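Student: Everything in the sequence shown is counted per the working numbering, starting at 5 for the first residue and increasing by one.
Handing you this structure, nothing more for now.
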Amino acid sequence: MRRSLSLILVLVAACGGWFPLLPDARTPADHARAMEARCAGQSALQTADAASPSLIEHVDAAYSTVPSGNDRAIRLRGARLQLRPGPHLSAESLQRSLECHQARVTLGEGAAAPDDPYVLPGAWLDIDVDSTGDGFVAAVLVKNFDDAQRVLSRARSFATARQ
């Protein structure tokens, strides 16, 4: 028993203190600093272009289901932004640009537009971009319900700024 506990502690230390069975205690700045190496090749112009409201076609609420007793409960997680395709854009490059935009703003190296849905002060957003064949969907997710409402509200306001 003592040996397995020691092994777990070594694994936790090797993972930088992050253990998937415990809540993530990293701050948004910790997440942003972890992104810095991946963002070295991204210019501020690239990240700003990816985070432009002109790419947004439509905004929907993002939901997930979680076990709740013998059933499943539906939880608001944030926003799903339908994005226009662009030249030389892939889901992977767009996701990286949006993550780098969030990291730059979080570290004070860039500015967020009013109601920027890809940045939420005091929180780190999980951004996942998928191709839909004729465009992209960027899911901007958080675990906290109040933050999810703020993300959705910001996304809707941000999308109307393009008009």
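Beta carbons are placed, not taken as given, at the ideal position from N, Cα and C, and that holds for glycine.
Since we're looking at a predicted model, the values are computed, not measured.
At the level of alpha carbons, what is the spacing between residue 158 and residue 141?
Tutor: 16 Å
Student: Taking C-alpha atoms, which residue in 37, 87, 128 lies nearest to residue 56?
Tutor: Here the closest residue by C-alpha is 87.
Student: With a threshold of 16 other CB atoms inside 10 Å of the CB of residue 103, please say whether the residue is buried or exposed.
Tutor: buried
Student: Buried or exposed, going by whether 16 or more other CB atoms sit within 10 Å of the CB of residue 100?
Tutor: buried
Student: By the DSSP assignment, the beta strand (DSSP E) with residue 40 in it spans what residues?
Tutor: Segment: none, residue 40 is in no beta strand (DSSP E) and carries neither H nor E.
Student: Apart from the five residues on each side of it in sequence, which residues of its chain come closer than 6 Å, Cβ to Cβ, to residue 119?
Tutor: Cβ contact annotation for residue 119 (same chain, cutoff 6 Å, sequence separation greater than five): 158, 161, 162, in chain order.
Student: Mapping the DSSP letters down to three states, classify residue 158 as helix, strand or coil.
Tutor: helix
Student: Report the residue from 115, 151, 71, 156 whose alpha carbon sits nearest the alpha carbon of residue 128.
Tutor: 151
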